[in-house]
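Number of protein chains: 2
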Amino acid sequence: MSQKTTQKSAVRAENERMILKAAEAVFADHGFRGATTGMIAERAGIPKANLHYYFPTKEALYRRVVEHIFNIWLDAANSFDESDDPVEALTAYISKKMDISREHPMGSKVWANEILHRAPVIQDYLETTLRDWTASRASVIERWIAQGRIAPIDPNALLYMIWATTQHYADFNHQIDTLNGGRPLTGEQFAEAKKTVIQIVLAGIGAAPVSLARDASARASGDTEAAE
Amino acid sequence: MSQKTTQKSAVRAENERMILKAAEAVFADHGFRGATTGMIAERAGIPKANLHYYFPTKEALYRRVVEHIFNIWLDAANSFDESDDPVEALTAYISKKMDISREHPMGSKVWANEILHRAPVIQDYLETTLRDWTASRASVIERWIAQGRIAPIDPNALLYMIWATTQHYADFNHQIDTLNGGRPLTGEQFAEAKKTVIQIVLAGIGAAPVSLARDASARASGDTEAAE
DNA sequence: AATGATCTTGACCGTTTGGTCAAGTGTTCA
DNA sequence: TGAACACTTGACCAAACGGTCAAGATCATT
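Encoded structure:
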């Protein structure tokens, strides 16, 4: 009786993990209403009734998936605080968020779906954790502005821009792939995109020098000689 | 017999308009699977059977809604070509896309939902119209780079950044509102956000001066003083 | 070996959904 | 006036869905 309450049996832990993994994929592809418990069970390789043994309702399962995603988001958020230097902090944050979009696109999609539909399940997170985090980082950005380290811009608009752009590579990856000839971005292409995003944001707020085309140097591999 | 084929009866035109308007709102709020024809009919103020008289299937109705949205998107896309000057062209384009997000958030949400779920209905648009438009504008951007008018950046990444950021104000408006104390952005707040987005993008690609807090003047080229 | 707890599963059920249908009501025009 | 046509609508149906259940299989503990 002691072990069971503290440590869910290994079978249970393993099955919950498999189900949650399958659920994330199915919810990402079809949304909450579009996903069926049958689809999730099939993807997890178990009968539907077994899924309902571990997760009584579809909503409980969905909530667990969203909570997991929110934790990943929070994890990335910490990289904002790695340094008090705007260039270092924003580079680390954008870089981490881009990595998550690449490695965890399904989680991002579930989150996007939830917000799109007015956050019926996770509104409380938005009003507590997310609101606090955002307000605190906005004030960091305002301090940078006051110190003259970056140009005066709307801090929230900057944060939204970073969120929107980085998450776009997960949420809209189907569109990006289609525009890339139907193939996913290669590692090099993704690295180039990440570099561009960081460069535009940093230069955009006056936190890094803008290198115009003419002066050579530049380690840039993408040589811009183009049309002749 | 002549008039009927060329001009749908006024009744039909008016009813289709009302249904499409209701459908856009319901699809935006609930997604394709989440929306029911019953909800749409109720919102349009007609019995469900009447809705099916005008639109035989839910999918046909959905497709009409998405087509309408795509046309709005294309309309905005034209503002990219208003000028060959990077500053003017991008300012017009971003401005127009922000306005659409403000005035047409539901359309944007339907589009986002469709891409999120791998574009089951409008994949053909992505592969034709959207692909052509994007390739052509990417080459305009590449020319600007070759002419040294903007910094060398990945053109697609720039376009994605603009799409992501501007559409974020529609697709994620619930999150933005929540972080704004539960209230929608005022006109002034939205104008400020728009200004910030334009400023960051233009400065980010070296197409506009970065004005640091202290020195007011100068579009100075060599302004790489940064941290002190 | 026995006992209780955990886990598995096919069959089942009430509800919701997209869509149909037939019986109507208006409307147009010869 | 009347007949062809467009529109309206309550009632209905088969399929799909989330969830239940009871009977069995497996496992841990003594």
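Chains as they are written, first to last, in UniProt numbering: chain A, 1 to 228; chain B, 1 to 228. Here a beta-carbon is modelled for each residue, glycine too, at the ideal position from N, C-alpha and C.
Residue i versus residue j: straight-line alpha-carbon distance, rounded
i: Arg-17 (chain A); j: Glu-114 (chain B); result: 29 Å
i: Trp-163 (chain B); j: Asp-171 (chain B); result: 11 Å
i: Val-121 (chain B); j: Asp-85 (chain A); result: 46 Å
i: Ser-139 (chain B); j: Ser-83 (chain B); result: 15 Å
i: Ile-200 (chain B); j: Asp-81 (chain B); result: 20 Å
i: Ser-101 (chain A); j: Ser-95 (chain A); result: 10 Å
i: Leu-179 (chain B); j: Leu-130 (chain A); result: 8 Å
i: Ile-145 (chain B); j: Ala-151 (chain B); result: 6 Å
i: Ala-226 (chain B); j: Thr-128 (chain B); result: Residue placement at Ala-226 (chain B) is flagged as unreliable, the pLDDT there being 38, under the threshold of 50; a coordinate-derived value is accordingly withheld.
i: Leu-185 (chain B); j: Ser-9 (chain A); result: 49 Å
i: Asn-15 (chain A); j: Thr-57 (chain A); result: 16 Å
i: Val-65 (chain A); j: Lys-21 (chain A); result: 8 Å
i: Ile-40 (chain B); j: Arg-12 (chain A); result: 42 Å
i: Gly-181 (chain B); j: Gly-187 (chain B); result: 16 Å
i: Gly-45 (chain A); j: Gly-107 (chain A); result: 21 Å
i: Ile-72 (chain A); j: Asn-156 (chain A); result: 21 Å
i: Glu-88 (chain B); j: Ile-198 (chain B); result: 11 Å
i: Leu-90 (chain B); j: Ala-193 (chain B); result: 16 Å
i: Phe-70 (chain B); j: Tyr-53 (chain A); result: 44 Å
i: Arg-183 (chain A); j: Phe-190 (chain A); result: 12 Å
i: residue 304 (chain B); j: Asp-99 (chain B); result: Given that chain B is displayed from residue 1 to residue 228, the structure contains no residue 304 (chain B) and the question cannot be resolved.
i: Glu-103 (chain B); j: Asn-173 (chain B); result: 12 Å
i: Leu-74 (chain A); j: Asp-154 (chain A); result: 22 Å
i: His-68 (chain A); j: Trp-133 (chain B); result: 38 Å
i: Lys-48 (chain A); j: Asn-78 (chain B); result: 50 Å
i: Ala-112 (chain A); j: Ala-23 (chain B); result: 21 Å
i: Ile-19 (chain B); j: Arg-143 (chain A); result: 50 Å
i: Pro-105 (chain A); j: Asp-124 (chain A); result: 23 Å
i: Gln-147 (chain B); j: Gln-147 (chain A); result: 35 Å
Beta-carbon gap between residue i and residue j smaller than 8 Å
i: Arg-137 (chain A); j: Ala-207 (chain A); result: no
i: Thr-166 (chain A); j: Lys-97 (chain A); result: yes
i: Thr-36 (chain A); j: Leu-51 (chain A); result: no
i: Arg-43 (chain B); j: Ala-25 (chain B); result: yes
i: Ala-203 (chain A); j: Gly-204 (chain B); result: yes
i: Leu-126 (chain B); j: Ala-135 (chain B); result: no
i: Arg-33 (chain B); j: His-30 (chain A); result: yes
i: Ile-176 (chain B); j: Tyr-160 (chain A); result: yes
i: Phe-55 (chain B); j: Val-110 (chain B); result: no
i: Leu-158 (chain A); j: Ile-141 (chain A); result: yes
First through last residue of the alpha helix (DSSP H) which encompasses residue i
i: Ile-162 (chain A); result: 155-171
i: Ser-95 (chain A); result: 86-103
i: Gln-147 (chain B); result: Premise fails: Gln-147 (chain B) is in no alpha helix (DSSP H) and is neither H nor E.
i: Val-197 (chain A); result: 187-204
i: Thr-36 (chain A); result: Here Thr-36 (chain A) belongs to no alpha helix (DSSP H), and DSSP marks it neither H nor E.
i: Asp-75 (chain B); result: 58-78
i: Ala-49 (chain B); result: 48-54
message: If the cut-off is 8 Å on Cβ atoms, which residues from the stretch 160-176 of chain A count as contacting chain B, listed in chain order?
response: Correct list: Tyr-160, Met-161, Trp-163, Ala-164, Thr-165, Gln-167, His-168, Tyr-169, Asp-171, Phe-172, His-174, Gln-175, Ile-176.
message: What are the residues in the stretch 85-114 of chain A lying within 9 Å of chain B by C-beta distance?
response: Those residues of the stretch 85-114 of chain A that come within reach of chain B (Cβ to Cβ, closer than 9 Å) are Asp-85, Pro-86, Val-87, Lys-109, Ala-112, Asn-113.
Residues of the stretch 66-84 of chain A whose Cβ lies closer than 9 Å to any Cβ of chain B, in chain order: none
message: Any C-beta of chain A within less than 8 Å: which residues of the stretch 37-56 of chain B qualify?
response: none
message: Residues of the stretch 190-201 of chain B in Cβ contact with chain A at a cutoff of 7 Å, in chain order, please.
response: Among the residues of the stretch 190-201 of chain B, those with a Cβ less than 7 Å away from any Cβ of chain A are Glu-192, Ala-193, Thr-196, Val-197, Gln-199, Ile-200, Val-201, in the order of the chain.
message: Which residues of the stretch 132-144 of chain B have a Cβ closer than 7 Å to any Cβ of chain A? Give them in chain order.
response: Thr-134, Glu-142, Arg-143
message: Under 9 Å, CB to CB, which of the residues in the stretch 116-130 of chain B have a partner in chain A?
response: Leu-116, His-117, Arg-118, Ala-119, Gln-123, Leu-126, Glu-127, Leu-130
- request: Give, in chain order, every residue of the stretch 14-33 of chain A whose Cβ lies closer than 9 Å to some Cβ of chain B.
  value: Ala-28, Asp-29, His-30, Gly-31, Phe-32, Arg-33
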